[in-house]
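Enquirer: Chains A and B supply the protein sequences, listed in that same order. Mind the numbering: the first sequence is residues 1 to 250 in our numbering, read in order. Mind the numbering: the second sequence is residues 1001 to 1250 in our numbering, read in order. Don't be surprised by glycine CBs; every beta carbon is placed ideally from N, CA and C. Values in this document were obtained by computation on a predicted structure and should not be read as measured data. Quick one: the structure is below, questions incoming.
Number of protein chains: 2
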Amino acid sequence: MSFTYIPAGKVECSECPLRRLHAFRPFTSEELRFMMSFKTGELLINRGTTLLVEGSHSAHLYTLLSGFAFRYKLLEDGRRQILNYAMPGDLIGLQGTLMGEMQHSVESLTAVRLCVFERGRIEELYARHPGLAYDMTWIAAREERILDEHLLSIGRRTAIERAAYLLAFLTVKSAQTGYAQEEPAVLPLTQQHVADTLGLSIVHTNKTLRKLAAMGYIRWFERGCEVRAVEPLRQLSGWREEAEPQRPFL
Amino acid sequence: MSFTYIPAGKVECSECPLRRLHAFRPFTSEELRFMMSFKTGELLINRGTTLLVEGSHSAHLYTLLSGFAFRYKLLEDGRRQILNYAMPGDLIGLQGTLMGEMQHSVESLTAVRLCVFERGRIEELYARHPGLAYDMTWIAAREERILDEHLLSIGRRTAIERAAYLLAFLTVKSAQTGYAQEEPAVLPLTQQHVADTLGLSIVHTNKTLRKLAAMGYIRWFERGCEVRAVEPLRQLSGWREEAEPQRPFL
DNA sequence: CGCTTACTTGAGTCTGGTCAAACGGGGTGG
DNA sequence: CCACCCCGTTTGACCAGACTCAAGTAAGCG
C-alpha cells in the first residue's frame, strides 16, 4: 500500500517547519488556531503514486509539505501534458475543491508528505478568516501566472529555450522553498517528464538536454538532473524571472 | 483618444444586463449594495486598444461587460503568445491587483465596455463579503482550468486539432455568455491571433484553417471566423467539454 | 543472471517554418 | 473619382526542426 494516513496531531501547525521559512508569510494566532483544526492529518505517499485522478469527484485539499509532485492531463490516445510541478508549500486540489470534478491528475515524483484539510470547512474559512481567503485567491492567481509563463514557453520558445526555461524555473522555485538548499540542485525527473512538460518527443528532448549538458549547464543522471548554472539557463531562455515576495501558505 | 471613462451611475449594478443571464449566479442584496459602491464607473475602449501592459504596476480591476479582448505575453524579440480570451462576465486584472506588477498585457479585439472597480477596497470585499471572496477564488481557479486545457492543446495536439479546439472553445464560451446569440457565431479574430494562440506560424495557420473550411466546419472572413459546426470541431480536437454550472460574476 | 527502466544515438521522414509573391477590399489623399 | 497603400489572406517552393523507428547501453533489482 502506497498511502499512509496519519491522524492529526502528528505535527502541530505551530511547529510546522515550512512555516519558519522566510518565503512564507506568518499567520496571526487566530489563523494558526483555525489551521490546526482545519488540518485533519497527514498523508505519506511513495514515489510514482497517483494522488488525484482526472474525472474523479473525491478531490481533497492538500498542502505539500515535502517532496515533489506534478499535475498533468491526458488525451484519449494517451498523449500526456504535464501542466506544473508542486513543491513544498504548494496547495493541491484547489480546482477540485471549488469546482467539483478534477480535470487533471496529480502524481508524486518522490516520496511526498501532505497536509490534509477538511474540505467541508472551506465555507467557514471564507466566513471567518478573510486573510486566509485572500491567500487562497492569491495562490490561485500565482498558479495562473505560472501557467501563463509555461504557455508562452511551449507556444513560442524553441526546444532548447524551453528546456532551459523549465530547468531554470524548477531550480529557482525549489530553492525558494528550501527543497534543495545544497547548491547545485538535483531535480527528481526523468527525461519523459521533461518531454511531456515541454511538448516534445522523448528523443528530441534527450538530444536537447545533451546540448545543455555539453554547454556545462546541467548534468543528467538516472532520474535526476543536476543544474549547475541557473543564470545561463535563464538567460538562454529569455525568462524574466521576478523576485517573489513573501507568499501565503496554508 | 480611444479611452472613454464614464463615472459611476451610468448603469446601476441592479440593472446590469449581464446579471440577468442564466449563466451567472444571483447576488444577495447585500452583495449587490456593495458592488454598486465597489464599481466606480465604466470604461469604453475601441478595437485594438491596449488596456493593461506587461510590466506596469498601475493595474486596475475590471469586469468585461461587452466585447472581446485577449491576454498575451511577449518575448524580447517580439514573439507573441496569446494566453486566453476575455468575454462578457470575465474579470480582468486580478493577477495585477493581487500581486502588483502585470506579467501580461490585455488588448481589445472589438469595442469593449468595462466595469471599473476600486482596487483599494479589495480588503473590504474579503472582510465583509465572504461570498464574493469565494467567487474571486472561484474565478481564478476557472482561469487556471482553462489555461490547463490550453497547455494540453499547445503541448500535445497537432495543428489541426489545436485549431479545432480553439474555435470550438471560443464558440462555446461566447455562447455561454450570450455574446453571440445568433447561430452560427462569428469570432472577431485575425489569423495572426489564431497563430499566436496556437503557437504556429501564420502561414501554417492559414493552411490549417483552409482545411477546416474545406471540411465545411468554418468560414473565414476578413477579421472574422464563422463557426458553422461546433460539435465536429470539438470531436476532431478530442476536447472533453464540461458543462459549466452557474458561475460567479463580479 | 535475466528483466526492466531509463538514457543514448543514428537514419529517414514529415510536420510545420521561412521566404516570397500576389490578391482583394477598404480607406485616403491627390 | 481614381490611384495608391495597407492590412489581412492566400498560395507555392523550399528548408529545418522535431518526430518515428530502431537498436544499443547502462544501471538497478528480484
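Consult DSSP for glutamine 246(A) and reduce its assignment to one of helix, strand or coil.
Expert: coil
Enquirer: Can at least three beta-carbon pairs, one atom from the stretch 1113-1120 of chain B and one from the stretch 1060-1068 of chain B, be found at a separation below 8 Å?
Expert: yes
Enquirer: Which same chain residues end up closer than 6 Å to leucine 74(A) when comparing Cβ atoms and leaving out the 5 residues on each side of it in sequence?
Expert: Arg80
Enquirer: Assuming contact is defined by CB atoms lying nearer than 8 Å, are alanine 1168(B) and alanine 1175(B) in contact in what I supplied?
Expert: no
Enquirer: What in chain B is Cβ-close to leucine 151(A), meaning under 7 Å?
Expert: Gln1081, Leu1083, Leu1147, His1150, Leu1151, Ile1154
Enquirer: For a test of the three-state rule: what should DSSP assign to tryptophan 239(A), helix, strand or coil?
Expert: coil
Enquirer: Compute the distance between the beta-carbons of lysine 173(A) and methionine 87(A), then report whether it is under 8 Å.
Expert: yes
Enquirer: Using a Cβ-Cβ cut-off of 8 Å, state whether methionine 1(A) counts as contacting chain B.
Expert: In this prediction, methionine 1(A) has a pLDDT of 39, which is less than 50 and means its spatial position is unreliable; what the coordinates show is noted afterwards. With 8 Å as the cut-off, methionine 1(A) does not count as an interface residue toward chain B.
Enquirer: In chain A, which residues lie with their C-beta within 7 Å of the C-beta of tyrosine 1165(B)?
Expert: Correct list: empty, because the minimum Cβ distance to chain A is about 11 Å.
Enquirer: Nearest to glutamate 1107(B) by CA position, among Ile1045(B), Glu1101(B), Arg1210(B), is which residue?
Expert: Ile1045(B)
Enquirer: Note down, in chain order, all residues in the stretch 1101-1128 of chain B with a beta-carbon under 9 Å from any beta-carbon belonging to chain A.
Expert: Cβ proximity to chain A below 9 Å picks out Glu1101, Gln1103, His1104, Ile1122, Glu1123, Leu1125, Tyr1126, Ala1127, Arg1128 from the stretch 1101-1128 of chain B.
Enquirer: What span of residues does the beta strand (DSSP E) with arginine 113(A) cover, start to end?
Expert: 112-117
Enquirer: Starting from the C-beta of isoleucine 1006(B), find all residues in its chain whose C-beta is less than 8 Å away, skip the five residues before and the five after it, and write them out in chain order.
Expert: Gly1041, Glu1042, Leu1043, Leu1044
Enquirer: State buried or exposed for isoleucine 92(A), treating a residue as buried only when at least 16 other CB atoms are found within 10 Å of its CB.
Expert: buried
Enquirer: By DSSP, does asparagine 206(A) sit in helix, in strand, or in coil?
Expert: Helix, per DSSP.
Enquirer: Assuming contact is defined by CB atoms lying nearer than 8 Å, are glutamine 1246(B) and phenylalanine 1024(B) in contact in what I supplied?
Expert: yes
Enquirer: Within the same chain, show all residues whose beta-carbon is closer than 8 Å to that of isoleucine 1202(B), passing over the 5 residues directly before and after it, in chain order.
Expert: The beta carbon of isoleucine 1202(B) lies closer than 8 Å to those of Gln1191, Gln1192, Ala1195 in the same chain, with the five residues before and after it left out.
Enquirer: Cβ of glutamate 54(A) within 8 Å of Cβ of serine 14(A)?
Expert: no
Enquirer: Quick one: what does DSSP say serine 1058(B) is sitting in, helix, strand or coil?
Expert: coil
Enquirer: Which stretch, first to last residue, makes up the alpha helix (DSSP H) that contains serine 1153(B)?
Expert: Per DSSP, serine 1153(B) belongs to the alpha helix (DSSP H) from 1130-1156.
Enquirer: Just to confirm my understanding: we take alanine 1164(B), look at its own chain, exclude 5 residues before and 5 after, and list those with CB closer than 6 Å. What are they?
Expert: Leu1233, Leu1236, Ser1237
Enquirer: Under 8 Å, Cβ to Cβ, is there at least one residue of chain B near tryptophan 220(A)?
Expert: no
Enquirer: Against chain A, which members of the stretch 1021-1034 of chain B pass a CB distance test of less than 7 Å?
Expert: Those residues of the stretch 1021-1034 of chain B that come within reach of chain A (Cβ to Cβ, closer than 7 Å) do not exist; the list is empty.
Enquirer: State the DSSP-derived secondary structure class of phenylalanine 1003(B), mapped to helix, strand or coil.
Expert: strand
Enquirer: So if DSSP puts threonine 1050(B) in a beta bridge, which residue, or which two residues, is it bridged to?
Expert: Glu1107(B)
Enquirer: Is phenylalanine 1038(B) closer than 8 Å to arginine 1142(B) when the C-beta atoms are compared?
Expert: No, the Cβ-Cβ distance between arginine 1142(B) and phenylalanine 1038(B) is not below 8 Å.
Enquirer: Measuring alpha carbon to alpha carbon, tell me which of Arg1228(B), Gly1224(B), Glu1222(B) ends up nearest alanine 1214(B).
Expert: Arg1228(B)
Enquirer: When DSSP labels each residue in this structure, what does phenylalanine 169(A) get in the three-state scheme?
Expert: helix
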